[in-house]
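Below is one structure, written out as C-alpha cells; comments come after it.
In my numbering, the protein residues as written are 2 to 94.
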C-alpha cells in the first residue's frame, strides 16, 4: 500500500510525532522518578530496571504477536536485530 502524501503533510506528521515522543518520554521519566521516591528504590534501580523494561515493551509485543500468528521469521528477526543494534551501539559508544 502506497500513500501519496505531500511533503508538507509528511513534515507535519513527523513534527507531531517527535513532539509526542518527547512529551511522553518526559512523562515516563517523571513517573519513574515518582516510583523511585515512593518506594525508595534508588535512582539506579529506576533508571536501569524500570526504564529498560518499559522501553522494551514494544519489541516484546512484536515478538509475541509474531509468535502467536506463526510468523517466526518476524519474531526471530526482531530478537536478533535488537541484539545486533544494541551490540553495535555499545561498541561504537
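Backbone N, C-alpha and C define an ideal beta-carbon position, used for all residues, glycine too. Note that the coordinates shown come from a computational prediction; the quantities given were computed from them, not determined experimentally.
Judged by DSSP in its simplified three-state form, residue 94 adopts coil rather than helix or strand. Residue 60 and residue 7 have their C-alpha atoms spaced approximately 30 Å apart.
Runs of alpha helix (DSSP H) with 4 or more residues, each lying fully within the region 8-41, are found at 8-40, listed in chain order. By the C-beta criterion, the region 26-35 is judged to be in contact with the region 47-66, since at least 3 inter-stretch pairs fall below 8 Å. Assignment of residue 82 by DSSP, reduced to helix, strand and coil, places it in the helix class.
If the five residues before and after residue 68 are omitted, its C-beta is found closer than 8 Å to the C-beta atoms of 76, all from its own chain and listed in chain order. CA-CA distance, residue 86 to residue 80, rounds to 10 Å.
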